[in-house]
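Heads up: the structure comes next, in structure tokens.
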Amino acid sequence: MQILYFYENLARMKRFLIVLAAAIIMLPVQAQKTKVSESVEKIGDGKNNCLVVTITGANEDDVAKAWKDKMKDTGGKISGKKEMFVDDASLPSVSSNTIDIYSVIEEKDGNVRFMVAFNLGGAYLNSKEHSSGYKSAEKMIYDFAVSQAKSAVEKKIEAQKDVISKTAKNIENLTKDNEKLAKDIEDYKKRIEDAEKSIEKNKSDIETGNKDLEDQNKALKDLEKNLGEVD
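Going by UniProt numbering, 73 is the number at position 73 of the sequence shown; the sequence numbering is gapless.
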């Protein structure tokens with residue numbers, strides 16, 4: 001009955017830990033909404049207009065790999081990693097001509113600051129002069145950032161699930177060990193009880209044996225006496 005109660009508690013605890021871990025991990029994402037802003041930064045061939053976004057919980061290596069994979073679809077020539085350059089990229093929703101795309105990835109305090117500039121050939125993409133293309137680029141950067149933020153959370157959830165699974169497994173192993181030890185104790189108690197009974201029986205047998213030995217010694221003496229009396 002006690003074992004059943006323990007396992008019921010263990011199952012409840014595992015469910016609680018999973019929900020709690022997911023809730024804790026999700027808090028930063030809920031607190032920081034993804035927002036793409038326009039800024040002038042040192043990017044490309046100088047200080048230029050670009051789009052900037054903070055990707056919550058991500059790391060620069062994952063973001064760089066994902067962005068490179070995305071840029072492959074543009075058909076441009078890619079060079080660099082954390083400071084990437086895509087030459088003659090094709091993004092019809094941003095510009096009807098091929099463009100050069102610059103990106104800078106900076107990791108800080110567990111987040112990634114991601115900057116992207118689009119050189120249209122004589123001018124950098126901005127919201128005032130290129131409203132339609134800017135909105136398209138803004139959506140592309142936003143969707144990418146959200147995807148990376150979600151991916152970062154999913155990785156943390158999987159890692160936390162692994163921790164919980166290992167902890168739960170450890171608890172189960174300890175429980176099995178305790179059950180075995182408890183069984184061993186019961187076995188030892190039974191063996192001790194049997195041994196105590198055997199000791200008592202042996203004591204009784206020893207007393208009986210001693211009495212028999214006395215009788216046998218007396219009988220021997222009587223026989224020896226009889227032997228001496230034979231003439």
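The beta carbon of each residue, even a glycine, is placed where N, CA and C say it ideally should be.
Quick caveat, the model's predicted, so the values are computed rather than measured.
Around the beta carbon of residue 143, fewer than 16 other beta carbons lie within 10 angstroms, which makes this residue exposed. Judged by DSSP secondary structure, residue 108 falls within the beta strand (DSSP E) whose first and last residues are 99 to 108. With distances taken between CA atoms, residue 151 lies nearest to 60 out of 210, 43, 60. The Cβ-Cβ distance between residue 54 and residue 119 does not fall below 9 Å. Taking the Cβ atoms as the reference, residue 84 lies roughly 7 Å from residue 68, within the contact range of under 8 Å. For residue 125, there is no enclosing alpha helix (DSSP H), since its DSSP letter is neither H nor E. Between the segment 74 to 91 and the segment 99 to 108, the count of Cβ pairs shorter than 8 Å is three or higher; the stretches touch.
Counting along the chain, residue 227 sits inside the alpha helix (DSSP H) bounded by residues 131 to 229. When 35, 117, 91 are compared, the shortest CA-CA separation from residue 45 is found for 117. Rounded to the nearest whole angstrom, the CA to CA distance from residue 165 to residue 189 is 36 Å.
Minimum Cα-Cα distance from residue 57 among the listed residues 113, 194, 162, 225 corresponds to 113. Within the same chain, and ignoring the five residues on either side of residue 39 in sequence, the residues whose Cβ sits closer than 7 Å to its Cβ are 50, 52.
A direct Cα-Cα distance of roughly 8 Å separates residue 81 from residue 65. For residue 47 and residue 172, the gap between their C-alpha atoms comes out near 60 Å. Taking 9 Å as the cut-off, the beta carbon of residue 91 is found closer than this to the beta carbon of residue 137.
Approximately 20 Å separates the beta-carbon atoms of residue 74 and residue 146; this is outside 8 Å, ruling out the contact. Within 10 angstroms of the beta-carbon of residue 159 lie fewer than 16 other beta-carbons, which makes it exposed.
Here DSSP, grouped into helix, strand and coil, assigns residue 45 to coil. With distances taken between CA atoms, residue 130 lies nearest to 93 out of 93, 149, 115. By the beta-carbon neighbour count (other beta carbons within 10 angstroms, threshold 16), residue 121 is exposed. Boundaries of the beta strand (DSSP E) around residue 117: 111 to 119.
Per the DSSP secondary-structure output, residue 84 pairs in a beta bridge with 103. The three-state secondary structure of residue 94, taken from DSSP, is coil. With fewer than 16 other beta carbons inside 10 angstroms of its own, residue 182 counts as exposed.
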